[in-house]
Each structure stands twice: as C-alpha cells, then as structure tokens.
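Residue numbers (the working numbering): -13 to 662.
Worksheet: one structure, shown below.
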C-alpha cells in the first residue's frame, strides 16, 4: 500500500498544483490584460549600445520595429552626485528641524540679578491682568522705578552646534544651530538646482513607455537585437518600486556584486553547517557523552533534564535562527544591486528558503542521528552512489527526528504566531524610537505601519509544508500532520489579519513568487518519494521500493514540462488576453465622410499601435474603475523619473510656522513646487 498511496498522493499533489496554477494564470491574465497603466505599458530596456544612448534614438529604434508608438523614454543617467546631494539635504533638514524643536520646545525666562525675588516676570504669552495701565504707572512712580525694567524680556533658548574646521578638523567652535543649518540648507538647495540643470552621462538602461500594453508585451517577448547582451527588453517594475540608485550601476559592477554575494552565501553555508553540528549533536545523548563525558553522565542520571536538552534546546536555537538570520540574507539581497524592490523580495525568499531547508532539513537529517561524525562522513560517499542506501539513510534519520520536527512546527505555530499577531517587534521598539523622536517628522514616522516582507515568512511556511509532506508516510506521522494543520490554520488568520489590517505590503511581483513556491514543492515531492522508498527498504520490501524510481523520474519530468509550459504565462501577458481586455471600439471624434469606404476605415484603425490611445484608455478606465492596478492609479500621473530630479525641496516641518520665516526655506519650497 505504500507504493499505491505514494502514486496516489503524488498524482493528487500534481493535479492540485497544476489546477491552482491554471487558476492563477487565468486570473492573472484577465486582470493584467485589462490594465493600461504606465507600468503595464513600460519595458525595461537594458544593454543599450553607446550609439543609441539618447532618448530620440531609442524612440526611433523602437518605432522602427513596427510594434507600436512610443509615448516616452526615460534614459537612466549617472545621477549619483544628485542623489548624494539629496541625501545630504535630507540629513541637514532633519538637523534643522531638531534645532527648531529644541528652540520652540524648551523655553525659559531670563531674570535680572538685581531685581527682588518678589518681582516675578509674567509668563510667556499675552499678559492678563485686572490692573489698569494708569495704576501701574502710579505704582511705578511711587516706588521710584525707572524706565529700565528689573526683569529681562522673554527669550527662547537658541540651540548651539559644534563646527569643526582647520587641519584634520582639530579646531572647533560653537555656533547658532538654526542659522548654521539654515544656511547649509539654502546652499544645498542651490546646489541641487544647479545639478538638476546639468546633463549627466547616460547609462545602457532605459524605461520605454509604449502607447499600448500589446506593443509592450510584443517587445518584451521578442528578441530585439541579434547581438548578445544588447537591447534586452524585460517587464518593468512600478515607478514607486524602482531603486534609482541602482539604475546607474554598470553591468560589470552588478555582476561583480552578484557573484560576490553568491560566494559569500557559499561561505555562510559552510559556516552554518559547522554551527549546526553541535546543535544537531544535542539531539543525541550519546554524542554529548562522547564530547562531554560528565555532561552525558549527568543527563543520563536526570531523565527530565536530558529530555529537555534533547528536545527543547535544539528547537529553541533553530527557531531563534529562523527569526534572526533572514535579516542578514535580506541585506545581502539588497547589496546585489537589483533594479526593483520586488526583485529583492524574490531574491530574499530564495536565499532564506535555501538557508532553512538546507540547515533544518538536510543538515539535521544527516547529522541528527550520528554518534560518530567521522564514521558518517566515511560512509556518506558510498551511500550517495546507491539509491537504496540513500533512501534507507533518509528514512532512518527522519524516523528518529520525528520529535524534533513536531516541536519545531508547534513552536513556529503556537509559540511564534501570537507574537507575530501582536507585532512584538514593532511594539517593543516603539518606546525606544519614541524616546529618540524629537521632531514632528519623527513622530509621524512612529505611526507608520510595518512592511510585510514575504522573505521573512514564506520560506518557513514552505519548509513546514515539505516536512509535513515527507513525514506523511512514516510511522506516527499523525503527530507531524496535526502540528502542521495547527500551524497553517493559525497562519491563515494571522497573515490575513496582518495583510489586511496591520501591515503594509507595497511590493508586487505579479505572481512570480508562485513559480518559486511550485519549484520548492516539486523538490519536496522528490524527498517524499525517496522517504517512501526508504520506508519500504526498512520493511525489507526492496522490490517494491524499486517501483518508486518511475515515480521520481515522472515527477522530475513534470517539473521540467511545468517550467516550460506555465512559467512564461506567469511572467508575460498573452496578446490575446490584452486584446480581449482592451475591448477596442471605434469611437471617432467626428462622423466619417460618406465617400470613405469600409476598407479605408479599417486601414486607419491599428489595434496594436493604438493611435487614439489616451482617449480609448480613458473609456476603458471608466468601465473598469473597480479593477485598477494595485500600485498606481492610471490617471494619477505617475511616470518613470528619478525623484531627485523633480522632488519638491520642502522646508522644515514644525508646528510653529512663524518661526520658519527666519530661514529662506519657504521661498525654496514655493519655487520647487512651482517647478514640478
């Protein structure tokens, strides 16, 4: 029955996988085919040769292909100096806001030392008194008070800042912070205005916006140039998703970063493997006794403590690593120099899944039951040459690691989901950030919702799904399956609540993450089938275990066919879906002349070039107002342009607007808004 149910479960899994993929493709094609936003009509053109690195030349080249008209071309340039200037201005602006906050928030009254203690100055603000001015003057004459008051007028404290100068910045002096940073802000604004007028060097990357989605898709799905690595068209991310500081990185720099990060991940994998050896050794008391004989004797004499060390301590350490290590891999993904935040998210998912699967499944399976590591590595080379030994070793190891994985899944579900629901991380950091907040901008950033990063949560869910699938054929598998059921039941409500109400998720990959999930599920199915074969070998059913080989080969073949058949539909939009979604209708501005024939009218209408694109798009947007894109409103005026070129140079953000008159930032702000 093991063989029968292995074929049955594999067939059901493949059927559900393909059926769900077809449903996602249908929804994706129907939805994205009906969109005519800037993102859907823009291609990311890379590898532009030097003779075409001009907006007009790129436009002429694309239109010469007869696939449609070009609305706009955004050729990326080396804006590094401008981006650095904008970053410096932001830092100066924050320092100026902090100085204003200190100036307007901390007030004191200066007193004359010669005045009597009873002569208290009035509090800040308009004076409120029932004594008339004549009575005050009479009292002053009687007391012989001169015109010079005993009390100095109200004066707010102006903060100071230290300015270092001279050789190696060894000399310093105290200056007024508001005047100093106000002058620096004015100089930064003038410098940014001058930089915006400069003509920066072009790069071999451009964002080309077509007049129709069909023209964009034809350019993306075609080979534009016979030369390798030249004029490569790819789908474009949303304008708000582009990382403009990475657009002017050279191809050599980007490839160097990519290979360097890959080499670093290989080194980290070796490091994690060496780190997990002692953690996996905690699962076996015999291993502990060989390394630390006294500790092993103590654990043998105390049953409950030994059980706690063998079951709970490794689970706690691994769960802690699953929470902390993804931050490192997310940062490494950011350093690779990818163009969009969505690409970074997908890269983080891939890296974090590799970390969790390789270390928590492969390493623990290999090392979890080994009492003598050197014997294991001596036999490992012989084991991988024999299918039966691989399956047998996998089944034996997983059978003995049943308790560990049950505890791991329970801790991830019942233990960590309540903390994720309560957002303990954001809540615990709030008091620290609250104490460091000074300006209104800081307080506004405190109430911003956290970002839901799929790279932190999706890899663990995929690992637990694979573990449940692998253990479904082993003895006492109901424990793992029950723990997995509880995990996904709680995760459904927790993640649904976070995505809908508590957290923000800005990056959209338009379904590309589902392809990554399917690839991991195919890999999990192969491990499931190997485990089933190993279970048959344990029961001395060697002949039946051989029957699992065709199933493994069929699964690999289906995964290859799946990649060739369904992955393109998860990446591109079919032209048929675009044409059906656009629903072209002839809506001429005036009635055609009576002398014009129907053939002439048909020749004037080009559904791919969409000559009357803006008008037709307006009617389509009106009919589909309920199906707008997630990231942008097509009537919102979003375009592909570096924000450093057009961002308004706002002044300080403080509550007392009258204080802003002391600087020139108001005029700068008005001029910047007028320019945009």
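All residues carry an ideal CB built from backbone N, CA and C; glycine is no exception.
Do residue 74 and residue 219 have their CB atoms nearer than 8 Å?
Not in contact: residue 74 and residue 219 (Cβ atoms no closer than 8 Å).
What number of angstroms, rounded off, separates the C-alpha of residue 459 from the C-alpha of residue -12?
Distance between the alpha carbons of residue 459 and residue -12: 8 Å.
Determine, using beta-carbon pairs with one atom in the segment 50 to 60 and one in the segment 152 to 161, whether at least three such pairs fall under 8 Å.
Result no; under three Cβ-Cβ pairs closer than 8 Å.
Please list, in chain order, all residues of the same chain as residue 321 whose beta carbon is under 8 Å from its beta carbon, the five residues on each side excluded.
Once the five neighbours on either side are set aside, the close Cβ partners of residue 321 are 243, 247.
Going by DSSP, name the residue or residues bridged to residue 158.
Paired residues: 150.
In whole angstroms, give me the CA-to-CA distance for residue 161 and residue 444.
Rounded to whole angstroms, residue 161 to residue 444 spans 52 Å at the Cα level.
Residue ranges of each beta strand (DSSP E) run of no fewer than 3 residues wholly in the segment 165 to 197, ordered along the chain?
Taking only runs of at least 3 residues, the beta strand (DSSP E) segments lying wholly in the segment 165 to 197 are 188 to 196.
Under DSSP, the beta strand (DSSP E) around residue 32 begins and ends at which residues?
Taken as a continuous stretch (DSSP letters only), the beta strand (DSSP E) holding residue 32 covers 28 to 32.
For the beta strand (DSSP E) containing residue 219, name the first residue and the last one.
First-last of the beta strand (DSSP E) with residue 219: 218 to 221.
Which of helix, strand or coil does DSSP assign to residue 331?
Helix at residue 331.
Checking 8 Å against the spacing of the C-beta atoms, do residue 310 and residue 250 come in under that value?
Taking 8 Å as the Cβ cut-off, residue 310 and residue 250 do not qualify as a contacting pair.
Considering Cα atoms alone, identify which of 261, 214, 152, 411 is closest to residue 346.
Selected option, being the one with the closest Cα: 261.
Please confirm whether residue 455 and residue 511 have their CB atoms less than 8 Å apart.
Yes, the Cβ-Cβ distance between residue 455 and residue 511 is below 8 Å.
Keeping to the same chain, check which residues put their C-beta closer than 8 Å to that of residue 464; ignore five residues upstream and five downstream.
No residues qualify anywhere along the chain.
Could you tell me the boundaries of the alpha helix (DSSP H) in which residue 236 lies?
It is not in any alpha helix (DSSP H) - residue 236 carries neither H nor E in the DSSP assignment.
Assuming contact is defined by CB atoms lying nearer than 8 Å, are residue 559 and residue 203 in contact in what I supplied?
Yes, they are a contact pair.
What's the gap between the Cα of residue 0 and the Cα of residue 540?
Taking the straight line joining both Cα atoms gives about 11 Å.
Can you look up residue 60 in the DSSP assignment and give me helix, strand or coil?
DSSP places residue 60 in strand when its eight states are reduced to three.
Are the segment 477 to 488 and the segment 436 to 450 in contact at 8 Å, needing three or more beta carbon pairs?
The answer is yes - the segment 436 to 450 touches the segment 477 to 488, with three or more Cβ pairs under 8 Å.
Answer yes or no: does any C-beta atom of chain C fall closer than 8 Å to that of residue 461?
No chain C appears in this structure, which consists of one protein chain only.
In chain order, what residues of the same chain lie with their CB nearer than 6 Å to the CB of residue 584, ignoring the 5 residues before and after it?
Note that residue 584 scores 35 on pLDDT, short of 50, meaning its location in the model is unreliable; the coordinates nonetheless yield the value given after this. Result list for residue 584: empty, nothing under 6 Å.
For residue 195 and residue 313, what's the separation of their Cα atoms in angstroms?
Rounded to the nearest angstrom, the two C-alpha atoms are 35 Å apart.
Enumerate in chain order the residues of its own chain whose CB-to-CB distance from residue 329 is below 8 Å, with the five nearest sequence positions on each side excluded.
For residue 329, where only same-chain residues beyond five positions count, the Cβ hits under 8 Å are 223.
So, helix, strand or coil for residue 37, using DSSP?
Helix.
So, are the CB atoms of residue 425 and residue 16 less than 8 Å apart?
Contact flag unset, no.
Can you give me the start and stop residues for the alpha helix (DSSP H) that residue 515 sits inside?
Per DSSP, residue 515 belongs to the alpha helix (DSSP H) from 498 to 524.
Decide yes or no for the touch test of the segment 225 to 232 against the segment 199 to 216: beta carbon pairs closer than 8 Å, at least 3 of them.
These segments do not touch.
Give the DSSP-derived three-state secondary structure of residue 309 in the structure shown.
It is helical.
Can residue 391 and residue 473 be called in contact, C-beta distance under 8 Å?
Not in contact: residue 391 and residue 473 (Cβ atoms no closer than 8 Å).
Just checking my contact of residue 51 with residue 44 at CB under 8 Å: how many whole Å lie between their CB atoms?
At roughly 12 Å, the Cβ-Cβ gap does not stay under 8 Å, so residue 51 and residue 44 are not in contact.
Among 227, 168, 240, which residue has its Cα nearest to the Cα of residue 190?
Ranking 227, 168, 240 by Cα distance to residue 190 puts 240 first.
Nearest CA to the CA of residue 663: which residue from 466, 422, 408?
Examination of residue 663 is not possible in this model, given that the chain is present from -13 through 662 alone.
Mind reading off the beta-carbon distance from residue 30 to residue 221? Whole number of angstroms is fine, and I expect it under 8 Å.
Residue 30 to residue 221, Cβ: 7 Å. Contact.
Run through DSSP, which three-state label would residue 209 get?
Coil.
Could you work out which residue in 484, 523, 451 is closest to residue 504 when comparing CA atoms only?
It is 451 whose Cα lies nearest to the Cα of residue 504.
Excluding sequence positions up to five away, which residues of its chain have a Cβ less than 8 Å from the Cβ of residue 323?
Once the five neighbours on either side are set aside, the close Cβ partners of residue 323 are 232, 235, 239, 240, 243, 244.
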